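Protein chains in written order, with the numbering used here: chain A, 1 to 665; chain B, 1 to 164; chain C, 1 to 181.
Encoded structure:
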């Protein structure tokens, strides 16, 4: 009964989405308030219906209702509850339910918090959001029904792929989808503004919180995915330039550019048509990721079981959504008024450079991901594009991004004094040099490029700190006054500094682990030990350890340094009988500056020892610390009062600011 | 081997990855310098059966065979280039994770930098134009109601500035 | 002119979408991204001399493949499920008089022999490639793979994966007929 209810709710949501995409648009055309209001009601209803559908599918998974095909294919009674819930979105159909549920959630949020939007813009945004919903719901109802029944119901299910039975991965898709789908709102806002024919500072301010939510979620989602690779794949790799990873990186890069160009629209009323284009492109890249992963066009270890029929449908969705958006752009963008002028050396100039570099980086990832397909299609033969390509192209493009990032926030609008800014960043340069020297001291003079990159990371982090220090005039006015200024500094400024510092920290982590990882692969017998980067790993024992739905072989290792105890590590090899798959559970000991990473594998061919792999990954935790800082920066920025989604309109108590205004950011 | 691919394709769902146990102790060469060369080369060679992994990362049987073969070639005195050529002679450029620079890949290798130059050039050109000859405003003027709204928002901002 | 600039993104996107569509069609026809073209086409078969699967019977060697007869060389294994689905087609081909040489890839001899005893032996001669090195020399990356060898002992076609009746009708049989002329 409940699955039927869920299916019914899906169909209902489709009908409601149809209403939502037509009536408010017409209402906005005719300036009919009541019809525009339908958009809000429909958004709420669509959200309620999809909450019901999502709840129904979750219920089926939680109670292991094996009369539902989706549960049979992805669940098992012995599976821990956490993964029964996560199993809902660990498959094609279920992930689509989550996708449309989040889409409707954003629609409902706009309906609820968008009270300060002009009625016509809100109606149009909701209508476009409704159209996206129609596309995806139709897709689900037509090709990917998650509530299909099986008769007779089997006694048990096939279980979820054990690699997905992991806390890091269980909650990685929801954040990714919050990101992808969040960008749908940027798209809807862009389309709404194009229909309105007006893009102004207010528009930029309205679209910014949604961009921030999407960007922060995507940042976290990508970081979780990479963390998962790091600890499950068995040797500490955290990024592979796999098409599926690239599919999430491209919207992130475009979204980062969007976040920055929207500031220019807001503050200086220029770069409008570019910002609109970025909003469309960012969502297109999100949709394209969906297409690539599910259509079988690309091969990836991460791809969903592919199906060309679904591929055709998603491609059609992509063509209608993006094609429509870009057609609207071609027709309406030329009427957007170009705004204020600025000198090349200025805040605007810095942000434009940021956009140029990020867009180029995004295009590079795009080329690297799709070029093999392109070449194959024109008969140029099959080639592979792997990490060496991206290291040679993407990385050099990101170097200036990080270098300029420290300067950007210090530049003033319209025309800036570069020499003055560089002068204020002297201390950041010193920190950069110190970071590189610290690298030399700890790791020697090679590789030089890695040392330079480490210096760049130090420059970026200190640059962000200098930015805040300058704003509060640290050490130039009494400390108490600086603190008062810090308290009253706009949250946006704090967010910028946090995110920029976070990127610097993450870069240091990426450099550290890429350049200075120590590896030791060997056969160890019980009681034997081996030295890795000054640490001694001793294999104490190997024994059986039962799990809820797997059996594990667990090794116990003692790590010492100069005879002093450091840690006990217990890596596992887990065997899942239902899917007949083995997974590696690496054991990791972190001290924040580096990770000790141990994997104990199969018994060696000689029968008495075990294949063991030990690593020391310097600075690797910083990748995720930095990512979390970046996400936190986005959230802090989001809490900035000026950006708050529901700024009350009627609080018209004009009052001069009691404190001297903080420097313009 | 095909079986590996087959199960992968069948079993692969969202973000699943194959188990990669990669290089095993019994494969490694006694000479550390030569082993390091072998590792470096094999990191840039694609495992043919597992998509988008290097043979160094993969535990597919073919990847293991190729790792062993590569080490044999090095021991026999092949240079790095000769050892790689041995494989491209059999499997084509597809095994190279770093695609060779040739006319068919010029767009790939130089495209990003050409794009950067083109974008930079466009910006400079636009900057030189300095706004002359730009399209005039065609956007509809604000209605009185919207003007009031803007005024409110701006006031809100002034008020908000300097407050948490 | 200025207006045309705003059309560029749409045009680029439509080009991309069209090309995605073409790719999907190709995939639908079976040209999936994991199908690799062989770089060995039109080259002589690599030199090899493999021992027989069944003691006392002939093995397979490269020298015997350039004697003026068109042949198939089929890489298979007892542990390979798609090979089983291909087997009846090989049996039918052998029945039509096509000379098929089998190479049992990385298999236990007993397992390979047992399969042939159970399902029938379509091979004029069948050898063992225990190390898998001959397969690598051919550029094999998965079993089954089948090569069409012309009269001069050159590789003319590679079938990746099991031979389907369509592949047989559309590609392999016409090629054999043409090469045999």
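C-beta atoms are modelled at their ideal positions from N, C-alpha and C, and glycine is treated no differently.
As the structure is a computational prediction, the values presented were derived from the model and not from experiment.
is_contact[residue i, chain C] using C-beta, thresh 8 Å
| i | result |
| --- | --- |
| residue 78 (chain B) | no |
| residue 69 (chain B) | yes |
| residue 62 (chain B) | yes |
| residue 377 (chain A) | yes |
| residue 115 (chain B) | no |
| residue 319 (chain A) | yes |
| residue 59 (chain B) | no |
| residue 142 (chain A) | no |
| residue 333 (chain A) | yes |
| residue 448 (chain A) | no |
Within-8 Å CB hit, residue i to chain B
| i | result |
| --- | --- |
| residue 548 (chain A) | no |
| residue 173 (chain C) | no |
| residue 137 (chain C) | yes |
| residue 386 (chain A) | yes |
| residue 169 (chain C) | no |
Span separating the alpha-carbon of residue i from that of residue j
| i | j | result |
| --- | --- | --- |
| residue 158 (chain A) | residue 145 (chain A) | 19 Å |
| residue 2 (chain A) | residue 150 (chain A) | 14 Å |
| residue 64 (chain A) | residue 76 (chain A) | 7 Å |
| residue 670 (chain A) | residue 277 (chain A) | Limits of chain A in this structure are 1 at one end and 665 at the other, which puts residue 670 (chain A) out of reach. |
| residue 94 (chain C) | residue 46 (chain C) | 24 Å |
| residue 391 (chain A) | residue 34 (chain B) | 24 Å |
| residue 137 (chain C) | residue 165 (chain C) | 28 Å |
| residue 85 (chain C) | residue 77 (chain C) | 12 Å |
| residue 412 (chain A) | residue 185 (chain A) | 30 Å |
| residue 127 (chain C) | residue 117 (chain C) | 15 Å |
| residue 105 (chain A) | residue 111 (chain A) | 10 Å |
| residue 620 (chain A) | residue 43 (chain C) | 48 Å |
| residue 94 (chain B) | residue 362 (chain A) | 24 Å |
| residue 492 (chain A) | residue 261 (chain A) | 15 Å |
| residue 287 (chain A) | residue 62 (chain A) | 30 Å |
| residue 216 (chain A) | residue 628 (chain A) | 9 Å |
| residue 40 (chain A) | residue 131 (chain A) | 14 Å |
| residue 452 (chain A) | residue 436 (chain A) | 6 Å |
| residue 4 (chain A) | residue 38 (chain B) | 58 Å |
| residue 366 (chain A) | residue 567 (chain A) | 43 Å |
Within chain B, partners of residue i - CB distance below 7 Å
| i | result |
| --- | --- |
| residue 380 (chain A) | 104 |
Contact set between residue i and chain C, taken where Cβ atoms lie within less than 7 Å
| i | result |
| --- | --- |
| residue 621 (chain A) | The contacting residues do not exist; residue 621 (chain A) stays about 36 Å from chain C at best. |
| residue 330 (chain A) | 6, 7, 10 |
| residue 322 (chain A) | 13 |
Residue i: contacting residues in chain C (beta-carbon distance under 9 Å)
| i | result |
| --- | --- |
| residue 295 (chain A) | 20, 23, 24, 27 |
| residue 56 (chain B) | Chain C residues near residue 56 (chain B): none, gap ~17 Å exceeds 9 Å. |
Within chain B, the residues that residue i reaches when beta carbons sit closer than 8 Å
| i | result |
| --- | --- |
| residue 7 (chain C) | Those within 8 Å of residue 7 (chain C) in chain B number zero; the least Cβ separation is about 15 Å. |
| residue 39 (chain C) | 88, 89, 90, 91, 92 |
Within-8 Å CB hit, residue i to chain A
| i | result |
| --- | --- |
| residue 162 (chain C) | no |
| residue 44 (chain B) | yes |
| residue 2 (chain C) | yes |
Partner residues on chain A for residue i, Cβ-Cβ distance less than 8 Å
| i | result |
| --- | --- |
| residue 23 (chain B) | 521 |
| residue 127 (chain B) | 344 |
Residues that residue i contacts on chain B, provided the C-beta gap is smaller than 9 Å
| i | result |
| --- | --- |
| residue 611 (chain A) | 21, 24, 25, 26 |
| residue 36 (chain C) | 48, 91, 92, 94 |
Residue i: contacting residues in chain A (beta-carbon distance under 9 Å)
| i | result |
| --- | --- |
| residue 93 (chain B) | 381, 382, 383, 384 |
Neighbouring residues, chain C, relative to residue i (Cβ below 8 Å)
| i | result |
| --- | --- |
| residue 31 (chain B) | Correct list: empty, because the minimum Cβ distance to chain C is about 23 Å. |
Between the segment 71 to 83 of chain A and the segment 107 to 126 of chain A, are three or more C-beta pairs nearer than 8 Å?
-> no
Taking only runs of the alpha helix (DSSP H) that begin and end inside the segment 455 to 514 of chain A, which ones reach a length of at least 4 residues, in chain order?
-> 479 to 488
Do the segment 345 to 354 of chain A and the segment 262 to 275 of chain A touch if we need at least three Cβ pairs shorter than 8 Å?
-> yes
Meets three-Cβ-pair contact criterion under 8 Å: the segment 381 to 397 of chain A and the segment 33 to 49 of chain B | yes
Only counting runs of 4 or more residues, tell me where the alpha helix (DSSP H) segments fall wholly within the segment 344 to 380 of chain A, in order along the chain.
-> 347 to 377
Residue ranges of each alpha helix (DSSP H) within the segment 76 to 162 of chain A, 4 or longer = 81 to 86, 92 to 113, 119 to 143
Any alpha helix (DSSP H) of 4 or more consecutive residues that is wholly inside the segment 16 to 70 of chain B | 32 to 43
Examine the Cβ distances between the segment 161 to 179 of chain A and the segment 197 to 216 of chain A and report whether three or more of them are shorter than 8 Å.
-> yes
Kindly provide the ranges of any alpha helix (DSSP H) runs that are 4 or more residues long and lie completely inside the segment 120 to 165 of chain C, ordered along the chain.
-> 133 to 138
Should the segment 153 to 169 of chain A be regarded as contacting the segment 195 to 208 of chain A, the criterion being three or more beta carbon pairs within less than 8 Å?
-> no
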